[in-house]
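What follows is one structure encoded as structure tokens, with my remarks underneath.
2 protein chains.
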Amino acid sequence: MSSALSPDELEEELRRIGAERYHDKHPFHRLLHGGALSFGQVQAWALNRYCYQAAIPRKDAALISRLHDRALRRIWIERIRDHDGDGQRDPGGIERWLVLTDGLDLDRDYVISMQGTLPAVRFAVEAYVRFVAERSQLEAIASSLTELFAPAIHRERIGGMLAHYPFVGEDVMAYFRRRLTQAPRDVAFALDYVRREADTPERQRAVTDALRFKCDVLWIQLDALHHAYVTPGLPPPGAFVPRETVATAKLAAEPAG
Amino acid sequence: MSSALSPDELEEELRRIGAERYHDKHPFHRLLHGGALSFGQVQAWALNRYCYQAAIPRKDAALISRLHDRALRRIWIERIRDHDGDGQRDPGGIERWLVLTDGLDLDRDYVISMQGTLPAVRFAVEAYVRFVAERSQLEAIASSLTELFAPAIHRERIGGMLAHYPFVGEDVMAYFRRRLTQAPRDVAFALDYVRREADTPERQRAVTDALRFKCDVLWIQLDALHHAYVTPGLPPPGAFVPRETVATAKLAAEPAG
């Protein structure tokens with residue numbers, strides 16, 4: 097029988113999982129941040145990532161619907177507000193994401209409809225919503241801990257995308273700038289909760305498994321993007337096809353000379 | 097095949113259901129508002145009704161977790177805030193309910209633990225949470241329409257309880273005063289939604305059934321209270337026993353002479 101880790105050891109283990117599995121290690125992100133993607137590939141990324149953004153408030157509401165502790169609900173509800181906005185001063189994270197897709201010349205109705213997104217992305221996102229709705233409260237909260245690693249990727253993204261893409265401006269990066277302050281506040285609470293509540297080997301295992309699961313949810317979205325839009329670059333039937341890909345395909349299909 | 101009702105006809109039908117089935121018609125409420133209950137019976141009512149109050153934010157979060165429309169989520173989230181408060185200026189409806197139970201000399205930890213509440217009440221409340229989590233969005237929203245009838249019962253309750261019970265003061269009635277303004281705002285939205293969305297006989301039937309279901313949820317709580325604390329006055333094992341009931345039972349059990 098193994099004994100329980102100390103809270104610090106547990107946190108180290110969580111950070112080790114992030115270092116190994118968080119999607120900042122995915123080749124697609126290196127291409128994105130390094131300026132190696134075409135306009136159409138960046139469009140595909142923003143379009144698909146919208147599925148994830150749009151699902152986050154439902155995921156957080158699913159958790160709140162299971163919390164019997166009023167104080168905990170009051171803290172967690174801030175996340176819904178952050179993403180949905182208040183309809184007044186704060187437009188919210190989803191709206192900021194739509195500013196990003198606007199800036200990439202994607203039609204708003206098309207983005208919101210999720211027509212054209214990759215099924216693998218939608219499946220991964222819904223798996224996350226179901227996980228939070230159905231697993232234990234501890235696992236549901238632990239699955240948010242990828243935010244531990246988010247500020248680093250957001251900083252890298254803001255710098256890299258602004259430097260490398262002429263079609264990316266400050267306004268378009270507003271989503272990530274805002275998350276630089278929101279994510280650390282959110283994760284501080286979740287990390288504290290997990291350090292306190294995961295006090296047996298079984299509960300610690302549940303927590304680390306939940307973080308691995310969540311890393312899978314994020315990673316698999318980039319796998320799908322990479323397959324569809326980089327190598328081999330084969331979007332599944334019905335999925336978004338960037339204009340220049342169409343053009344290239346058309347050129348390639350034209351008989352030589 | 098019957099044809100669909102007009103929105104006005106549907107609203108009339110909903111109001112008819114309320115006139116017949118809303119729990120203001122229950123004998124227990126007539127006793128409560130008419131000053132016919134003992135201190136212990138009013139305690140039992142407040143203690144059990146806490147189960148319902150405490151579950152409302154979970155119910156509303158369950159609905160939000162299913163709403164794909166951001167604007168709708170933004171409106172519905174106000175209900176959670178109303179009940180849970182914001183942890184700052186607004187203490188929220190649950191806190192106001194605890195002021196009521198404080199005022200009735202019930203220990204707060206005991207109330208929050210729900211130890212001592214009637215199982216039938218807890219079952220009814222959880223049936224409501226599950227209904228909202230599992231039925232269609234239209235049915236979930238329609239089940240909130242008992243709020244159409246709430247202001248009348250709250251006004252009657254404030255007047256009746258203040259007039260009849262020396263142990264009930266203005267502070268204790270704060271919950272109901274606040275609901276006098278919150279409920280009409282909430283129900284205006286839900287009624288408008290239902291009038292607009294329930295446009296076929298099938299969807300209208302789903303809406304009226306949802307309202308009937310919700311009336312059952314409320315009614316059955318009073319049935320359980322009436323059985324346990326009025327006639328025959330037999331609380332199930334483990335349930336709250338008012339002090340004067342204990343005293344009476346003890347006297348009755350003492351041998352004559």
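Line by line, the protein sequences give chains B and P.
Here the numbering used here is used: the first residue of the first sequence is 97, the next is one more, and so on.
Here the numbering used here is used: the first residue of the second sequence is 97, the next is one more, and so on.
Heads up, the beta-carbon is just placed ideally off N, CA and C, and yes, glycines get one too.
Proximity test, Cβ basis, 8 Å: residue 166 of chain B and chain P: For this step, residue 166 of chain B is matched to residue 70 along the first sequence. Chain P contact via Cβ: present.
Cβ of residue 152 of chain B within 8 Å of any chain P Cβ: The residue given as residue 152 of chain B occupies position 56 in the first sequence. No, residue 152 of chain B lies away from the interface with chain P (no Cβ there is under 8 Å from its Cβ).
Residue 184 of chain P, buried or exposed, once every other Cβ within 10 Å from all chains shown has been counted against 16: To locate residue 184 of chain P, count along the second sequence from 1; it is residue 88. Exposed, because fewer than 16 other Cβ atoms sit within 10 Å of the Cβ of residue 184 of chain P.
Endpoints, the alpha helix (DSSP H) within which residue 227 of chain B is located: Position 131 of the first sequence, counted from the start, is the residue given in the question as residue 227 of chain B. Taken as a continuous stretch (DSSP letters only), the alpha helix (DSSP H) holding residue 227 of chain B covers 215 to 230.
CB contact check: residue 98 of chain B to chain P, cutoff 8 Å: For the purposes of this step, residue 98 of chain B is identified with residue 2 of the first sequence, where counting begins at 1. Chain P contact via Cβ: absent.
Residue burial classification, residue 226 of chain P (beta-carbon count within 10 angstroms, cutoff 16): Against the second sequence, residue 226 of chain P aligns to sequence position 130. Classification for residue 226 of chain P: exposed.
7 Å Cβ shell around residue 232 of chain B - same chain, five flanking residues per side excluded: The residue labelled residue 232 of chain B in the question sits at position 136 within the first sequence. Excluding positions up to five away in sequence, the list reads 302.
Neighbour flag for residue 183 of chain B against chain P, beta carbons, 8 Å: One-based indexing of the first sequence puts residue 183 of chain B at position 87. Output row for residue 183 of chain B: interface = yes.
Local conformation of residue 336 of chain B per DSSP, three classes: Stepping through the first sequence from its first residue, residue 336 of chain B is reached at position 240. Three-state DSSP puts residue 336 of chain B in coil, outside helix and strand.
Residue environment, residue 130 of chain B, which counts as buried when at least 16 other CB atoms sit within 10 Å: In the first sequence, residue 130 of chain B corresponds to position 34, counting from 1. With fewer than 16 other beta carbons inside 10 angstroms of its own, residue 130 of chain B counts as exposed.
N- and C-terminal bounds of the alpha helix (DSSP H) containing residue 265 of chain P: Numbered from its first residue, the second sequence carries residue 265 of chain P at position 169. Unbroken run through residue 265 of chain P: none, as it is neither H nor E.
Separation of residue 178 of chain B from residue 309 of chain P, as counted between CA atoms: Counting from one through the second sequence, the residue named residue 309 of chain P turns up at place 213. Counting from one through the first sequence, the residue named residue 178 of chain B turns up at place 82. Going from the Cα of residue 309 of chain P to the Cα of residue 178 of chain B covers about 34 Å.
Within chain B, the residues that residue 357 of chain P reaches when beta carbons sit closer than 7 Å: For residue 357 of chain P there is no data in the structure shown, the boundaries of chain P being 97 and 353.
Candidates B/120, B/118, B/112 and B/133: closest to residue 264 of chain B by CA position: One-based indexing of the first sequence puts residue 264 of chain B at position 168. With distances taken between Cα atoms, residue 264 of chain B lies closest to B/133.
Residues of the stretch 212 to 231 of chain B whose Cβ lies closer than 8 Å to any Cβ of chain P, in chain order: 225 and 229
Contact with chain B by residue 353 of chain P, beta-carbon distance below 8 Å: Numbered from 1 along the second sequence, position 257 holds the residue referred to as residue 353 of chain P. Residue placement at residue 353 of chain P cannot be trusted, given a pLDDT of 37 that sits under 50; what the coordinates show is reported in the next sentence. Not closer than 8 Å to any Cβ of chain B, the Cβ of residue 353 of chain P fails to qualify, so no.
Residue 293 of chain P CB to nearest heavy atom of the ligand SAH below 7 Å: Questions concerning the ligand SAH fall outside what the structure shown contains, since it holds no ligand whatsoever.
Cβ-Cβ separation, residue 271 of chain B to residue 207 of chain B (assumed contact under 8 Å), whole Å: As a first step, residue 207 of chain B must be located in the first sequence, where it is residue number 111. As a first step, residue 271 of chain B must be located in the first sequence, where it is residue number 175. Between residue 271 of chain B and residue 207 of chain B the Cβ distance is about 13 Å, and since that is not below 8 Å, they are no contact.
Residue 336 of chain P to residue 140 of chain P span [Cα, whole Å]: In the second sequence, residue 336 of chain P corresponds to position 240, counting from 1. In the second sequence, residue 140 of chain P corresponds to position 44, counting from 1. Rounded to the nearest angstrom, the two C-alpha atoms are 7 Å apart.
Collapsed DSSP secondary structure at residue 302 of chain B in the structure displayed: As a working mapping, residue 302 of chain B is identified with position 206 in the first sequence. DSSP places residue 302 of chain B in the helix class (H, G or I) of the three-state scheme.
As assigned by DSSP and simplified to three states, the class of residue 136 of chain P: For the purposes of this step, residue 136 of chain P is taken as residue 40 along the second sequence, with counting starting at 1. The answer is helix: DSSP assigns residue 136 of chain P an H, G or I state.
Nearest residue (CA-CA) to residue 338 of chain B, options B/137, B/115, B/104 and B/120: Counting from one through the first sequence, the residue named residue 338 of chain B turns up at place 242. Distance from the Cα of residue 338 of chain B is smallest, within the candidate group B/137, B/115, B/104 and B/120, for B/137.
Residue 278 of chain P: first and last residue of the uninterrupted alpha helix (DSSP H) it sits in: Here residue 278 of chain P is taken as the residue at index 182 of the second sequence, counted from 1. Here the alpha helix (DSSP H) through residue 278 of chain P covers 270 to 293.
Beta-carbon proximity of residue 200 of chain B to residue 110 of chain B, cut-off 8 Å: Translated into the one-based positions of the first sequence, residue 200 of chain B becomes position 104. Translated into the one-based positions of the first sequence, residue 110 of chain B becomes position 14. Against a cut-off of 8 Å, the Cβ pair of residue 110 of chain B and residue 200 of chain B comes out as no contact.
Within chain C, the residues that residue 157 of chain P reaches when beta carbons sit closer than 7 Å: The chain labelled as chain C is not found among the protein chains of the depicted structure, namely B and P.
Distance between residue 114 of chain B and residue 297 of chain B (C-alpha atoms, nearest Å): In the first sequence, residue 297 of chain B corresponds to position 201, counting from 1. In the first sequence, residue 114 of chain B corresponds to position 18, counting from 1. Using only the alpha carbons, I get a separation of about 20 Å.
Rounded Cβ spacing between residue 281 of chain B and residue 103 of chain B (contact assumed at less than 8 Å): For the purposes of this step, residue 281 of chain B is taken as residue 185 along the first sequence, with counting starting at 1. For the purposes of this step, residue 103 of chain B is taken as residue 7 along the first sequence, with counting starting at 1. Contact flag wrong, Cβ pair sits at about 20 Å.
Short CB-CB distance (under 8 Å) between residue 339 of chain P and chain B: By one-based count along the second sequence, residue 339 of chain P stands at place 243. By this cut-off, residue 339 of chain P is not an interface position.
DSSP three-state assignment for residue 159 of chain B, whether helix, strand or coil: Residue mapping note: residue 159 of chain B aligns to position 63 of the first sequence, counting from 1. Residue 159 of chain B falls in the helix class under three-state DSSP.
Beta-carbon proximity of residue 268 of chain P to residue 196 of chain P, cut-off 8 Å: The sequence position of residue 268 of chain P within the second sequence is 172, counting from 1. The sequence position of residue 196 of chain P within the second sequence is 100, counting from 1. Result yes, Cβ atoms of residue 268 of chain P and residue 196 of chain P sit closer than 8 Å.
Beta-carbon proximity check, residue 100 of chain B vs residue 295 of chain B, cutoff 8 Å: Position 4 of the first sequence, counted from the start, is the residue given in the question as residue 100 of chain B. Position 199 of the first sequence, counted from the start, is the residue given in the question as residue 295 of chain B. Contact: yes.
Residue 164 of chain B, enclosing alpha helix (DSSP H) - first and last residue: Here residue 164 of chain B refers to the residue found at position 68 when the first sequence is read from its first residue. From DSSP, residue 164 of chain B is part of no alpha helix (DSSP H); its letter is neither H nor E.
First through last residue of the alpha helix (DSSP H) which encompasses residue 195 of chain B: Taking the first residue of the first sequence as 1, we reach residue 195 of chain B at position 99. From DSSP, the alpha helix (DSSP H) with residue 195 of chain B extends over 189 to 199.
Chain B within 8 Å of residue 145 of chain P, Cβ atoms only: The residue given as residue 145 of chain P occupies position 49 in the second sequence. Cβ-Cβ to chain B under 8 Å: no for residue 145 of chain P.
Inter-residue spacing [alpha-carbon to alpha-carbon] between residue 273 of chain B and residue 275 of chain P: Stepping through the first sequence from its first residue, residue 273 of chain B is reached at position 177. Stepping through the second sequence from its first residue, residue 275 of chain P is reached at position 179. Those two C-alpha atoms are separated by around 39 Å.
Residue 257 of chain B - containing alpha helix (DSSP H), residue span: If you number the first sequence from 1, residue 257 of chain B lands on position 161. Per DSSP, residue 257 of chain B belongs to the alpha helix (DSSP H) from 246 to 260.
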